[in-house]
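What follows is a short report on a single structure.
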Amino acid sequence: MSAGLAWIAVDWGTSALRAWGLDAGGSVVQSARSDRGMGQLAPEGFEPALLELVGDWLPEGIVTQVVVCGMAGARQGWVEAPYAAVPCAPTGDGVMQAPTRDPRLSVRILSGLSQAAPADVMRGEETQVAGLLATRPKFDGIVLLPGTHTKWVHVSAGEVVSFRSFMTGELFALLSTQSVLRHSLGAETPDLAAFDAAVAATLSRPERMAAELFSIRAADLLLGQPGGAAWGRLAGLLIGAELAATRAYWLGQQLAVLDNGAQADLYARALEAQGAVILREAAAAMTLAGLKAAHARLTEA
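Position one of the sequence shown corresponds to residue 44 (this note's numbering), numbered consecutively onward.
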């Protein structure tokens with residue numbers, strides 16, 4: 044049992060589960076992480092996975108509120124939390140009560156966001172946007188969330204107005220491990236000069252990206268291009284094409300990048316080379332701030 048525990052915040056991703064135990068003042072008194080992500084669980088497996096992680100925190104005879112964001116609310120998750128359509132507040136109004144057997148638990152799952160045209164969805168990232176707005180309530184501009192499926196989110200007057208998702212991270216993973224390029228990419232530190240040149244190439248001529256990708260392999264075979272340069276070129280070509288497609292999102296806009304480490308560093312580097320001024324915040328901290336904001340709203344309701 045955790046002294047001072049008032050409620051639990053949970054971020055349930057596809058591959059991992061993170062939980063924070065908070066006291067009545069919002070201070071973290073416990074934290075834990077496991078690899079029991081949505082991708083390996085059937086609906087009946089979510090409650091046991093959560094109890095395995097936080098069961099020791101729960102006092103007997105008291106119902107502890109748990110607020111969950113992310114993939115637990117997906118169609119294949121614990122219970123589907125329908126998407127809230129934009130424009131709307133980042134955490135929307137859709138909250139689903141998850142079925143539980145343990146009398147110590149009351150679990151509510153936050154909805155994701157949807158957009159009809161062009162069709163798009165998100166789960167989990169909207170809570171990070173809510174956290175940014177809770178931290179910086181006057182923010183008005185674009186929030187960039189690098190990831191496997193990177194999100195560009197237009198925020199105005201406290202609402203998500205529109206957003207677009209890009210599979211750049213997944214494309215990099217596929218090309219680097221399952222295409223012919225896997226033979227040319229080494230484990231070396233990425234060559235940032237090669238990255239910069241590749242960003243500039245596809246930012247100006249994105250229609251040439253498919254040919255430029257194959258030239259990574261050819262440069263290895265004919266010129267002995269180092270693996271770090273190949274790595275930098277692949278990342279730069281993909282991110283450059285994404286920046287070309289999102290120019291209206293970042294050009295002349297207030298821009299916040301939610302920092303997830305090396306991937307965010309590359310996006311920031313590419314954008315700053317184009318003159319963008321960037322605000323950076325830690326993605327994990329924004330997730331927790333968003334869960335706190337959602338809990339406060341649910342408590343007031």
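Even for Gly, the Cβ is constructed at its ideal location relative to N, Cα and C.
For Phe209, which residues does DSSP report across the bridge?
Answer is Thr193.
Is it true that the CB of Pro189 sits closer than 9 Å to the CB of Asp234?
Against a cut-off of 9 Å, the Cβ pair of Pro189 and Asp234 comes out as no contact.
When DSSP labels each residue in this structure, what does Asp54 get in the three-state scheme?
If DSSP states are grouped into helix, strand and coil, Asp54 belongs with the strands.
Using the three-state DSSP reduction, which class does Val198 fall into: helix, strand or coil?
If DSSP states are grouped into helix, strand and coil, Val198 belongs with the strands.
My guess is that Phe182 and Ala299 are in contact by the Cβ rule of under 8 Å, so how many angstroms apart are they, rounded?
So it is a contact: roughly 7 Å between Cβ atoms.
With distances taken Cα to Cα, identify the nearest neighbour of Gln317 among Pro86, Arg144, Ile259, Asp239.
The option with the nearest alpha carbon to Gln317 is Asp239.
Would you call the segment 331-342 in contact with the segment 104-117, where contact means no fewer than 3 C-beta pairs closer than 8 Å?
They touch, by the three-pair rule.
Quick check: the Cα distance between Ala132 and Ala159, rounded to an integer number of angstroms?
Taking the straight line joining both Cα atoms gives about 16 Å.
Which word fits His197, buried or exposed, when buried means at least 16 other C-beta atoms lie within 10 angstroms of its C-beta?
It is buried - the Cβ of His197 has at least 16 other Cβ atoms within 10 Å.
Can you give me the start and stop residues for the alpha helix (DSSP H) that Ala274 sits inside?
Reading off the sequence shown, one finds Trp at residue 274, where the question assumed Ala. Note, Trp274: alpha helix (DSSP H), 270-288.
Drop a sphere of 10 angstroms on the beta-carbon of Leu264, count the other beta-carbons inside from all chains shown, and report buried for 16 or more, exposed for fewer.
Classification of Leu264: exposed, given that the 10 Å Cβ count is below 16.
When we look at the beta-carbon of Val71 and count the other beta-carbons within 10 Å, is it buried (16 or more) or exposed?
Exposed is the call here.
Where do the ends of the beta strand (DSSP E) carrying Leu65 lie?
Segment 60-65, the beta strand (DSSP E) holding Leu65.
For Leu94, which residues of its own chain have a beta-carbon under 7 Å away from its beta-carbon, when the five flanking residues on both sides are left out?
Correct list, in chain order: Asp145.
For Trp121, which residues of its own chain have a beta-carbon under 7 Å away from its beta-carbon, when the five flanking residues on both sides are left out?
Pro86, Phe89, Ala115, Ala141, Ile152, listed in sequence order.
Write down the C-beta distance between Arg207 and Thr289 rounded to the nearest angstrom, noting that I regard them as a contact closer than 8 Å.
Between Thr289 and Arg207 the Cβ distance is about 7 Å, and since that is below 8 Å, they are a contact.
So for Gly184, helix, strand or coil by DSSP?
DSSP places Gly184 in strand when its eight states are reduced to three.
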